[in-house]
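Residue 246 in numbering that gives the first Met the number 0 sits at position 247 of the sequence shown, with consecutive numbering throughout.
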Amino acid sequence: MPVGSDIDRIWDRIATLGDAARATPIAGLFSDDANRVADFSASLDDLTLDFSKTTINRQALAALFDLAGAAGLASFRDRMFAGAEINPTEHRAALHVALRAPDGAALTASLGGKTEDASGYVTAQRTRMRQFVAAVHDGRILGATGLPLTDVLNIGIGGSDLGPRMVCEALTLVGPTHLRPHFLSNVDGHAFAALARTLDPARTLVLVASKTFTTQETMTNAHAARAWIAASLGQAAGGVHFAAMSTNAAATAAFGIAPDRVFGFRDWVGGRYSVWSPIGLSVALAAGWDAFQAMLDGGHAMDEHFLTAPMAANLPVLLALVGIWNVNAMGSRTHCVLAYDRRLQRFPAFLQQLEMESNGKSVLLDGTLSPRQTGPVLFGEPGTDAQHSFMQLVHQGTQHVPVDFLLAAVPDHDRPEAHQILAAHAFAQAEALLAGKDLATVRIEMERAGASPAEIAAGAPHRVFSGNRPSNMILFRRLDAFTLGRLIALYEHKVAVQGCIWRIDSFDQWGVELGKVLAGRLLPDLINGTATASHDPSTTALIARFRTLRGQD
Ligand code: F6P
């Protein structure tokens, strides 16, 4: 294992290479290197990552591999799969890979110095989930009045919402929809009011999804849903219309959900990594067990690839290293994800939690401040919608925003011409970011269009595209459940690789705690109008103004 100064030397080398790369057009990298496309791409079957449209050259790539080696990436990865305590600030393993491993995988997790049979636990819960889903689908489980359950309402937030919500949306059109899925995350009462308008309590199955079963937003909404069911169907109906997914059996029991309606998972499943766990029950209910299982299989296929593929052909490693290069060598502070697939419209939101909650850290594992930038701000929208909103800045703004394009070659609709247009836009955007358009070309175009010299002088600079803006292309055959599983796991492992290299704990989320505590302290002041001394003057004044606007004072 190299000592700190060796790693520092590699970081210095990367910084120097970054300075040189900034002065080298990406287009020139292609003309200098006939094998660039092949050597700056990697595939897992039909799933290809092409990172040749970045500023990374061969020397930079070699330095990035050295960095991964010096950071002990292979041993970190192996410790993760071995269920070691790789989340030290919470004293937990991060063994979400066990959730998608096949039955009998024999993975174990370290828990408080003891070793747990993770695979055995997962298999038992998965079997219970499958049986429950089958019973709902074939009508053995009905609503309290004997009507079939047609709608499933998942109440959860963060990882207990974003994953299942994104997957349910992505899998529409791929297979049958058994139950219509709905998601309630925000404590904003408007959200529940809108859902309650459209849902029939007699036909709705409510899933309370919460790892801790203490999250204020989720519990507030769960109580509202319970009152809604009770008001329409009577108190006893709750037993029929509710199920829960949680690690906290005592709290689910206290809420009144019978143990046979509680699907468990363990502390070594982080919220943002939990869609593979019982938290994905809404996916299995809506899209069917086969789709849920196919997603697990896809995730597992990516796990096997991550474990066994050489670093130079390893998709999560490459995606992570490209990201590190963009942030630490090229100075990018943002990252844009453009899925040219309407079904992936919630994918950026899912990735925001995955990437920003995992790697939005400034303190290293040893407790010192990070000497370098860590996770970038991630945002995105589906293409082509994004082209008509923020892509102006990505093409001509003052900062370079690296982009991941995602595209399926084969659509799941019957209008191939529309898909060709969509794909043309995806490739064209990446091409435009790379090539740009220089002033001389703009002038010629304007001249040919009949512009006067004065118009050209005034208008040409605004039409110039600097180009040289980096992007990755992630191309695959179809967006089915298997590929969706591969994509989610690809980004999960990307995040873990980056966390290992940045030497941060990617599996904790202490940064969300302070706001929760202060909201708890603030609430009584809002309700009672008491001004505790602990607020800053601005907050005190805003509370008073809020109460006045509500007619409370
Ligand atoms: O916002 C912090 C967080 O703990 C997330 O990490 C988590 O996904 C979310 O809250 C929901 O937590 P729970 O599933 O325990 O309700």
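Backbone N, C-alpha and C define an ideal beta-carbon position, used for all residues, glycine too.
| DSSP state of N86, grouped into three classes? | strand
| message | Let me check you understand the geometry: is the CB of I156 closer than 7 Å to at least one non-hydrogen atom of ligand 1? | response | yes
| task | Look at the alpha carbon of V494 and the alpha carbon of D18, and state the distance between them as a whole number of angstroms. | result | 25 Å
| said: Could you check whether I9 and A83 sit closer than 8 Å to each other, using their CB atoms as the reference points? | reply: no
| Check whether D310 and A488 have beta carbons under 8 Å apart | With the sequence shown as reference, residue 310 is identified as Met, and Asp is not the correct amino acid for it. Contact flag unset, no.
| said: Any heavy atom of ligand 1 closer than 7 Å to the beta-carbon of K210? | reply: yes
| field | Per-residue DSSP class, three states only, for M244 | value | DSSP places M244 in strand when its eight states are reduced to three.
| request: Could you spell out where the alpha helix (DSSP H) holding A553 opens and where it closes? | output: Given that the chain is displayed from residue 0 to residue 552, the structure contains no residue 553 and the question cannot be resolved.
| message | Please report the straight-line C-alpha distance between G162 and G466, rounded to a whole angstrom. | response | Our two residues, G162 and G466, have alpha carbons roughly 35 Å apart in a direct line.
| request: Specify the secondary structure class of V511 as computed by DSSP and reduced to three states. | output: helix
| DSSP-derived helix/strand/coil call for T211 | coil
| said: What would DSSP say about S42, mapped onto helix, strand or coil? | reply: strand
| query | Quick one: Cα of A224 to Cα of D504, how far? | reply | Approximately 36 Å, taken between the alpha carbons.
| query | Hey, is E115 close to ligand 1, as in C-beta under 7 Å from one of its heavy atoms? | reply | The answer is no for E115.
| Does the separation of the CB atoms of H399 and A100 fall below 8 Å? | no
| query | Where in the region 477 to 548 do unbroken runs of the beta strand (DSSP E), each at least 3 residues long, occur, reported from the N-terminal end onward? | reply | none
| task | Can you have a look at T604 and say buried or exposed, based on whether 16 or more other CB atoms are within 10 angstroms of its CB? | result | The first residue shown for the chain is 0 and the last is 552, placing residue 604 beyond what the model contains.
| field | Ranges of the beta strand (DSSP E) found wholly within the region 270 to 305, counting only runs of at least 3 | value | You should have found no qualifying run.
| said: Nearest by alpha-carbon distance to T485: which of D65, F131, F305 and R502 is it? | reply: Reading off the sequence shown, one finds Arg at residue 485, where the question assumed Thr. The residue with the shortest Cα to Cα distance from R485 is F305.
| query | So, are the CB atoms of D160 and F182 less than 8 Å apart? | reply | Yes, these two residues count as a Cβ contact at 8 Å.
| query | Counting pairs of beta carbons, one from the region 364 to 379 and one from the region 511 to 527, are three or more of them closer than 8 Å? | reply | no
| Closest to F346 by CA distance: which of A108, G119, E89 and Y490 is it? | Y490
| query | In or out: E380 buried (at least 16 other Cβ within 10 Å) or exposed? | reply | buried
| field | Of the residues S184, N153, A221 and A312, the one placed nearest S40, counting alpha carbons only | value | A312
| Where does the unbroken beta strand (DSSP E) through H179 begin, and where does it stop? | Correcting the residue type first, residue 179 is Arg in the shown sequence and not His. Unbroken beta strand (DSSP E) run through R179: R179 to L183.
| message | If we require 4 or more residues per run, which alpha helix (DSSP H) segments fall completely within the region 92 to 159? | response | 96 to 99 and 117 to 136
| query | By how many angstroms is the C-alpha of Q351 removed from the C-alpha of A286? | reply | One C-alpha to the other measures close to 24 Å.
| task | List the endpoints of the continuous alpha helix (DSSP H) containing M422. | result | In the sequence as presented, Met is not what sits at residue 422; that position holds Ala. The continuous alpha helix (DSSP H) containing A422 extends over residues P415 to A434.
| In or out: Q419 buried (at least 16 other Cβ within 10 Å) or exposed? | exposed
| message | When you compare the region 165 to 179 with the region 214 to 221, are there three or more beta-carbon pairs, one atom per stretch, that lie closer than 8 Å? | response | no
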